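Chemist:
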Amino acid sequence: MKVFGTTMKDRIKRIDPILFGATAVLSLISILTIFGSVENFGRSKLYMQVAMTVAGMVAMFLIANLDYKFFIDRFFIVMFIFSSLILALTLLFGISGQNMETANRSWLVIPGIGISVQPSEFVKIAFICTFSKHLELVKDKINKPLTFLGLMIHAGMIVGLILLSGDLGVALVYIGIIVVMLWCAGLSVWYFVGALALVIVAFPFLWDFLAPYQQNRIIFGFRPELDPTGVGRQPLQSKAAIAAGGFFGIGLFEGGIYEYLAASHTDFIFATVCEKFGFLGGAITVICLATLSIRLIYLGYRSRDLMGRLICCGIGAVIIIQSVENLWMCLALVPVIGITLPFVSAGGSSLFALYALMGFAHSVRAHENKYYFDTDR
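Below is the structure:
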C-alpha cells in the first residue's frame, strides 16, 4: 500500500523503535494509573488522556514523515510570530488552571467549545525549531557579542512573555532548553561563566525583592519538614505515598494516600504510580524516561545536520529537565513549581506537544544522512 508516493512500510520505518517503545510504555503507565484512580480523578481525565495519546501518536507519525529541515526553513519566521502572538494573547486573556490557587495566566479557553489549552506547551515545539534555525544561521559567528545579543533577544521575548504570565516552572524549562542548545551549538564557555557569575551577584538583591511568602516557599521547598502543615504538606504527602507502595504497590484500584494529595494526577502523579505499582512501577517509569533522554542525545550526536542535532538536544533537554525536576519534587528535594512528568502526568496540552516533539526527533533520525555540516568549523 502506497501513501503519498511511498509505501506505508517505508513510512513506519521512519519511526525510531526505541523512542516509540519508551513513550508507549510511559503512556500505558499513565493511562493505567488514571484508570485505576478514575473515582478520584474523574472519568474526563481518563478520556482526555486516551484521546490525546491517540491524537499525539497520529501527529508524531505525520511529523516523522516530514522533512524537518524543509519545513523549518520555510516556516520558522511564521512559527516565531505565532509563538509570540499566542503567548501575548495568553498574557492578556489567559486564566489559571483548574483548581489552581495561583494567579498564573497560563491557559486559554478555545471559544465555542470551552476546552482549555496551555499555549506554552505548544510553543516549546516552535521555539526549539526556530531557535535551532537561528543557531544554524549564525553558527560561524556565534561567539561574537552582537550575534549572542540577537540570540538572547530571540530567547528573551519568549521567556519574558511566559514569566509575565506568572508560570515560573515552565520558564525554567525554557531557560534549560536555551542553555543546552547554546552549549551544543558551540557557544564559548566564557558566556556561561559570565551568566553564572551575574546570577550569583544578583541573587541577594533579587531575594530582597521577594515577598516573605515567596521566600518561605523557597526555604521550605528545600526543607519541607520545617513547615509540615503548610508549604511542606504536599511534598511530604508525596514521599509518604511513594513509601506506602512498597515493592509491588497497593494495587491498581486500591485507595491510598494519593487520594488526599493535591495534583496527584499531574505534578505528583509519580507518587500515585509508586503507591499503586510500587518500586517496580516507579523504576520502570524512570528507566523509560532515562532511555528516552539517552536515545535523544544519541540521535542528536549521530545527526550530520546541525539543525537536526540541536532539535534532538532541545527535545532531550525538555525530557531531562522536566523529569528531574518532577521526580525531585515528588521526593521533597526541591520546591514545588508545577512541572509535569513527561508522558505520564494527565494533561492534554503537555501530552500532545510532547508527542509532536517526538515526531521531529523521529524525522531527524529518518533524515540523518541527508544533510551534512562541517563539525570542524
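Just so you know, we're using our numbering here: the sequence shown kicks off at 1 and counts up by one. Idealized CB from N, CA, C, for every residue including glycine. Since we're looking at a predicted model, the values are computed, not measured.
Below 8 angstroms on the Cβ atoms is my guess for T130 versus F80; work out the distance and round it to an integer in Å.
Modeler: Correct: roughly 5 angstroms between the Cβ atoms.
Chemist: Our contact map puts L46 next to F61 with C-beta atoms below 8 angstroms; I'd like the distance itself, whole angstroms only.
Modeler: At roughly 23 angstroms, the Cβ-Cβ gap does not stay under 8 angstroms, so L46 and F61 are not in contact.
Chemist: Fully enclosed by the stretch 63 to 111, which alpha helix (DSSP H) runs are 4 residues long or longer?
Modeler: 68 to 93, all fully within the stretch 63 to 111.
Chemist: Taking all protein chains shown into account, decide if N143 is buried (16 or more other Cβ within 10 angstroms of its Cβ) or exposed.
Modeler: Exposed is the call here.
Chemist: Between S249 and L341, what straight-line distance do the alpha-carbon atoms span, to the nearest angstrom?
Modeler: The sequence given here has Gly at residue 249, not Ser. Cα to Cα, G249 sits roughly 20 angstroms from L341.
Chemist: With DSSP collapsed to three states, give me the class of S188.
Modeler: Coil, per DSSP.
Chemist: I'd like to know if the stretch 265 to 279 and the stretch 238 to 248 are in contact, where contact means that at least 3 CB-CB pairs between them fall below 8 angstroms.
Modeler: Counting Cβ pairs under 8 angstroms, three or more are found: they touch.
Chemist: Report the residue from T90, F192, F93, S37 whose alpha carbon sits nearest the alpha carbon of I257.
Modeler: When each option's Cα is compared against that of I257, the closest is S37.
Chemist: Using beta-carbon positions only, say whether L26 and C288 come within less than 7 angstroms of one another.
Modeler: Yes, the Cβ-Cβ distance between L26 and C288 is below 7 angstroms.
Chemist: DSSP has S116 in a bridge; who is on the other side?
Modeler: V109.
Chemist: Could you say if the stretch 65 to 80 and the stretch 121 to 130 meet the contact criterion of at least three C-beta pairs nearer than 8 angstroms?
Modeler: These segments touch.
Chemist: What separation, rounded to the nearest whole angstrom, lies between the Cα atoms of P228 and G221?
Modeler: Distance between the alpha carbons of P228 and G221 is about 11 angstroms.
Chemist: At what residues does the alpha helix (DSSP H) containing I339 begin and finish?
Modeler: From DSSP, I339 is part of no alpha helix (DSSP H); its letter is neither H nor E.
Chemist: Could you check whether G194 and G246 sit closer than 7 angstroms to each other, using their CB atoms as the reference points?
Modeler: Taking 7 angstroms as the Cβ cut-off, G246 and G194 do not qualify as a contacting pair.
Chemist: Counting pairs of beta carbons, one from the stretch 168 to 185 and one from the stretch 135 to 154, are three or more of them closer than 8 angstroms?
Modeler: Touching, yes.
Chemist: Here's the rule I'm using: 16 or more other beta-carbon atoms within 10 Å means buried, otherwise exposed. How should E121 be labelled?
Modeler: Answer is buried; the Cβ neighbour count reaches 16.
Chemist: Do C312 and L292 count as a contact pair if the criterion is CB distance below 7 angstroms?
Modeler: No, they are not a contact pair.
Chemist: In this structure, how does DSSP classify A353 when only helix, strand and coil are distinguished?
Modeler: Here A353 sits in helix by DSSP.
Chemist: If we count the other Cβ atoms within 10 Å of its Cβ and call it buried at 16 or more, is R295 buried or exposed?
Modeler: It counts as buried.
Chemist: Are A59 and Y355 closer than 7 angstroms when you measure CB to CB?
Modeler: It is a contact, given that the beta carbons lie within the stated cut-off.
Chemist: Going by other Cβ atoms of all chains shown within 10 Å of its Cβ, with 16 needed for buried, is L19 buried or exposed?
Modeler: Buried: at least 16 other Cβ atoms inside 10 Å.
Chemist: Should G56 be labelled buried (16 or more other beta-carbon atoms within 10 Å of its own) or exposed?
Modeler: Buried.
Chemist: Using a 10 Å radius around the Cβ and a threshold of 16 neighbouring Cβ atoms, would you call T102 buried or exposed?
Modeler: Any reading at T102 must be qualified, since the residue scores a pLDDT of 48, below 50, and its modelled position is unreliable; the value itself is stated next. With fewer than 16 other Cβ atoms within 10 Å, it is exposed.
Chemist: What residue does the alpha helix (DSSP H) around T291 start on, and which one ends it?
Modeler: Its alpha helix (DSSP H) spans residues 269 to 302.
Chemist: Starting from V231, follow the alpha helix (DSSP H) in both directions and report where the run begins and ends.
Modeler: First-last for V231: undefined, no H or E at that position.
Chemist: Since G314 and I175 should fall inside the 8 angstroms C-beta cutoff, what is the C-beta to C-beta distance between them, to a whole number of angstroms?
Modeler: Not really, about 12 angstroms apart at Cβ, beyond 8 angstroms.
Chemist: Alpha carbon to alpha carbon, how far is V286 from N326?
Modeler: Computed Cα separation, rounded: 11 angstroms.
Chemist: Report, in whole angstroms, the separation of the C-beta atoms of E436 and M358, which I expect to be a contact under 8 angstroms.
Modeler: Residue 436 lies beyond the stretch modelled for the chain, which goes from 1 to 377, so this question has no answer here.
Chemist: Please identify the residue among S188, L161, G112, F352 whose C-alpha is closest to the C-alpha of I147.
Modeler: Reading the sequence as shown, one finds Thr at residue 147 and not Ile. Measuring from the Cα of T147, the nearest candidate turns out to be S188.
Chemist: Assign Q118 to one of two classes, buried (16 or more other C-beta atoms within 10 Å of its C-beta) or exposed (fewer than that).
Modeler: With 16 or more Cβ atoms within 10 Å of its Cβ, Q118 is classed as buried.
Chemist: Is it buried or exposed for P212, if we count other Cβ within 10 angstroms and need 16 for buried?
Modeler: By the neighbour-count rule (16 or more Cβ atoms within 10 Å), P212 is not buried but exposed.
Chemist: Alpha carbons only, please: which of A24, T33, I15, K13 is nearest the one belonging to E254?
Modeler: The option with the nearest alpha carbon to E254 is T33.
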